[in-house]
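Everything below concerns the one structure shown next.
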Amino acid sequence: MEQGLLRFITAGSVDDGKSTLIGRLLYDSKTIFEDQLESIEQASTQRGTDGADLSLLTDGLRAEREQGITIDVAYRYFATPKRKFIIADAPGHIQYTRNMVTGASTADLAIILIDARAGLLEQTHRHSFISHLLGIKHMVVCVNKMDLVEWDEGRYNEIVDTYRSFSSRLDIPDIRFIPISALQGDNVVDRSERMDWYDGPTLLNHLEHVHVAADRNLQDCRFPVQYVIRPQTDADRDFRGYAGRVAGGVFKVGDEVVALPSGLSTTVTSIAIGDKKVDMAFPPQSVVMTLGDDIDLSRGDMLVRENNQPNSSQDLDARICWLSEQPMRPGTRFELHHTSREAKAVVKEVVYKLDINTLHRIEDDLEIGMNDIARVRIRTAAPILVDDYRRNRATGSFILVDPGTRLTVAAGVIYT
Amino acid sequence: MSDYNMSHLDELEAEGIYVMREVAAQFERPAILFSGGKDSICVTHLARKAFAPARIPMPLVHIDTGHNFPETMQFRDDLVAELGVQLIVGSVQELIDRGEVTEEKGFNASRNRIQTPTLINTIEQHQFDACCGGARRDEEKARAKERFFSHRDDFSQWDPKNQRPELWDLYNGKHQPGEHFRVFPLNNWTELDIWNYILRENIAIPSLYFAHEREVVRRDGQILAHSEYLNLRPDEKVEKLQVRFRTLGDLTITGAVESDADTLEKIIGEVAAARKTERGGRMDDKRSQSAMEDRKKEGYF
Ligand SMILES: Nc1nc2c(ncn2[C@@H]2O[C@H](COP(=O)(O)OP(=O)(O)OP(=O)(O)O)[C@@H](O)[C@H]2O)c(=O)[nH]1
Ligand SMILES: [Mg+2]
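Chains as they are written, first to last, in the numbering used here: chain A, 1 to 416; chain B, 1001 to 1301.
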């Protein structure tokens, strides 16, 4: 069966071998170009490495090469005859967790690497939890550097057991374990001859075949208006189109729809992609709709169906991951960005903070600093139109922007 | 369910259109950086689709090195006329004449580097707060790190060690006065995607991309177009070859490949089988391991 595009991220603690693994995957699947290989061979020789250091395929920044670590996510594109892939190679270092969050927010699957010698570390926990928080339903735990533990099955099982007991508290429907050596290529693309006790698939084989249920919601019609198109040309002076990306459900020409927040009803009179008319629109298509009535509708508003509406609320129950180096100051006003809408917002209450190693709730120290994950209650200045993140990623997610620095300081998901 | 399937190209297109609309909605003075190459032609095509039936609500900006392929200039002017959009030209020659930049000398001299101050100058002069470009993550290792909305400080510099987080498709275009964003709607496209899209959408591209006979010079394993701007070394000779270009940049640095691909189908076949990246033919990237990163930090495209 033909499988669609798979977007995945590599995660795990610093130096566990994520970048080396990606390099190995690209190298052994013969998807590296000659000039790229020449270039990393040359760089490796200059640095006195034996052979080509495959991590240099994604660690492309000068500072990354100097320090031998990944700083920001690198995206790589490759295809095998079976599937197309978009890889995000994330940094393991705690300081760059926000870059990992960036990569994870668009991934369907996470590969968590664990150094067989070191076992689970704090960043292993953090990255696993963030992947879960962001709704990644498929996980592959690669126990790496098996060459350094003499390909020992006992050590592998020990790590698998520890991870299982940690992850039993997260609901991740699909977890799989593979013993590998990213450096030497065992069980990455080619089956290892040194771990005959393992009889599961190689990593690539698994990635090619894993069935990822499309993350799209085709039930609940949601069309956040992104931009209003009003041509100033004579031919189309009366045209008024509402442009946006369908965030949920299927809209058809002729459908009765309700505009929120106004609550006014109207019908969809046309749907177009560019100048091509279509009969219907579904996620994640970018379309333009025209409506039967001249109603007040602009960016930030939403078209939905009468009998299936999102929650309209000024009080949000959310999980946030704090991304800023500056700790959160209680009572600070933020701009909350949700779909195409912006609203002033304030964090009313920190309910608890998460102990990332034990997954216990911390309720006595509620100061939120960089990389903390917390459950909070947020109050917005105007109602926003939300769904539960687990039901709809597009209408269940938001970011907080600091109105002074204008930086994105938190990523949030809404549970209703 | 199968009624609701989208092809890979459909998904990339939907993403690109979404990004272009976000730019128009979030910024006051956005622009499209138009080089005349296939990638910026695709960005322009996405913009056309994003705002139809209205005109593209932002100008095209061309940074003119003065060392252009004549075909590219003709193509640019025709496209601008067809779209009815404004064209803004930032001229490298003008900056040289005003003494604001110094031209490189020697056999490998190119105006690539001084495009950057010209671009920055143009951005400042017109106070652009967002510039959409055709760069793709698969092109080069520093570009592999790019965001969709890539922040530039008030010196137009990129700080790759401290990029803003970018969550889902909630692009945060907020910035301080004087700062701007570079926006990359084609981030997730590969070279092959671009060609397949050009074929599917029947997009016009300059004839230089198709195989043609041309006077060229071989230099350091590259094939460069012969022109009045290329300084010949004593031992170099001009020959005629059947070539095409995989990227279009400045005349003096864009390497050609020997090819007889004179249709889009043949080009796609060639690209699919290629063993070298498209930028493998560009002298500007070959100058050092981090040539692209260094130029990007300074404000290059
Ligand atoms: N012996 C052995 N060494 C490995 C293996 N995989 C990676 N390494 C080494 O571990 C070191 C770190 O590898 P990287 O791939 O840079 O690690 P990373 O997880 O990408 O690190 P960050 O991105 O900085 O978090 C390098 O020296 C690798 O050569 C392996 O399977 N066996
Ligand atoms: Mg790495």
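We put the beta carbon where it would ideally sit given N, CA and C, even for glycine.
Quick caveat, the model's predicted, so the values are computed rather than measured.
Are there any heavy atoms of ligand 1 lying less than 7 angstroms away from the beta-carbon of residue i, as far as the coordinates show?
| i | result |
| --- | --- |
| Ile69/A | yes |
| Thr202/A | no |
| Asp147/A | yes |
| Gln184/A | yes |
| His93/A | yes |
| Ser105/A | no |
| Ser181/A | yes |
| Asn144/A | yes |
| Leu113/A | yes |
Could you tell me how far apart the beta carbons of residue i and residue j are, in whole angstroms, since I believe they sit closer than 8 angstroms?
| i | j | result |
| --- | --- | --- |
| Leu260/A | Ser298/A | Rounded, the Cβ-Cβ distance is 12 angstroms, inconsistent with contact. |
| Ala1014/B | Arg393/A | The Cβ separation is near 15 angstroms, so there is no contact. |
| Tyr227/A | Ala1024/B | 6 angstroms |
| Ala243/A | Ile229/A | 5 angstroms |
| Arg1152/B | His1180/B | 5 angstroms |
| Asp1138/B | Tyr96/A | Their Cβ separation, rounded to whole angstroms, is 22 angstroms, which puts Asp1138/B and Tyr96/A out of contact at 8 angstroms. |
Is it buried or exposed, residue i, if we count other Cβ atoms within 10 angstroms and call 16 or more buried?
| i | result |
| --- | --- |
| Trp1189/B | buried |
| Pro1070/B | exposed |
| Ser397/A | buried |
| Ala1081/B | exposed |
| Asn1196/B | buried |
| Thr1072/B | buried |
| Met1001/B | Interpretation of Met1001/B is limited by its pLDDT of 44, a score under 50 that renders its predicted location unreliable; the figure taken from the coordinates is listed afterwards. With fewer than 16 other Cβ atoms within 10 Å, it is exposed. |
| Ser1035/B | buried |
| Ser1007/B | exposed |
| Pro283/A | buried |
| Leu1232/B | exposed |
| Arg237/A | exposed |
| Ser1040/B | buried |
| Arg1295/B | buried |
| Gln36/A | buried |
| Gly154/A | exposed |
| Pro327/A | exposed |
| Glu1265/B | exposed |
| His1175/B | buried |
| His211/A | exposed |
| Pro330/A | exposed |
Can you name, in chain order, every residue of its own chain whose Cβ lies under 7 angstroms from the Cβ of residue i, other than the five neighbours on each side?
| i | result |
| --- | --- |
| Leu366/A | Val350 and Lys353 |
| Leu1087/B | Pro1059, Leu1060, His1062 and Val1080 |
| Glu1239/B | Val1216 |
| Ala1272/B | Leu1192 |
| His132/A | Leu170 and Ile172 |
Is any heavy atom in ligand 2 found nearer than 7 angstroms to the beta carbon of residue i?
| i | result |
| --- | --- |
| Asp1260/B | no |
| Asp89/A | yes |
| Lys18/A | yes |
| Ser420/A | Since the first and last residues shown for chain A are 1 and 416, residue 420/A lies out of range. |
| Asp59/A | yes |
| Ser1150/B | no |
| Ser44/A | no |
| Ser55/A | yes |
Which residues in the same chain as residue i place their Cβ atom closer than 6 angstroms to its Cβ, once the five residues preceding and following it in sequence are excluded?
| i | result |
| --- | --- |
| Arg47/A | none |
| Met1/A | Low per-residue confidence applies at Met1/A: pLDDT is 43, beneath 50, and the placement is therefore not dependable enough to give any value. |
| Tyr163/A | Val141 |
| Lys281/A | It should be pointed out that residue 281/A corresponds to Ala in this sequence rather than to Lys. Answer for Ala281/A: Val246, Phe251, Ile271 and Val287, listed in chain order. |
| Leu264/A | Ile295 |
Please tell me whether residue i and residue j are closer than 8 angstroms, where the distance is taken between their beta carbons.
| i | j | result |
| --- | --- | --- |
| Val188/A | Asp28/A | yes |
| Ala1130/B | Arg1143/B | no |
| Trp322/A | Met370/A | yes |
| Ile159/A | Gly119/A | yes |
| Thr124/A | Asp89/A | no |
| Phe1149/B | Asn1172/B | yes |
| Ile69/A | Lys1161/B | no |
| Arg1244/B | Val1257/B | yes |
| Gly12/A | Ile112/A | yes |
So which residues of chain D does residue i contact, with C-beta pairs closer than 8 angstroms?
| i | result |
| --- | --- |
| Lys1161/B | Judged by its chain identifiers, the structure shown contains no chain D, and its protein chains are A and B. |
Who are the Cβ neighbours of residue i in its own chain at under 8 angstroms, not counting the five residues just before and after it?
| i | result |
| --- | --- |
| Ile178/A | Val140, Val141, Cys142, Val143, Asn187, Tyr198, Gly200, Pro201, Thr202, Leu203 and His206 |
| Thr1044/B | Ile1032, Phe1034, Ile1056, Leu1060, Leu1079 and Leu1083 |
| Asn357/A | Glu122 and His125 |
| Ala318/A | Arg375, Val376, Arg377, Ile378, Phe398, Gly412, Val413, Ile414 and Tyr415 |
Answer yes or no: the CB of residue i versus the heavy atoms of ligand 3, is any distance below 7 angstroms?
| i | result |
| --- | --- |
| Asn1231/B | Ligand 3 is absent from the structure shown, which contains only ligand 1 and ligand 2. |
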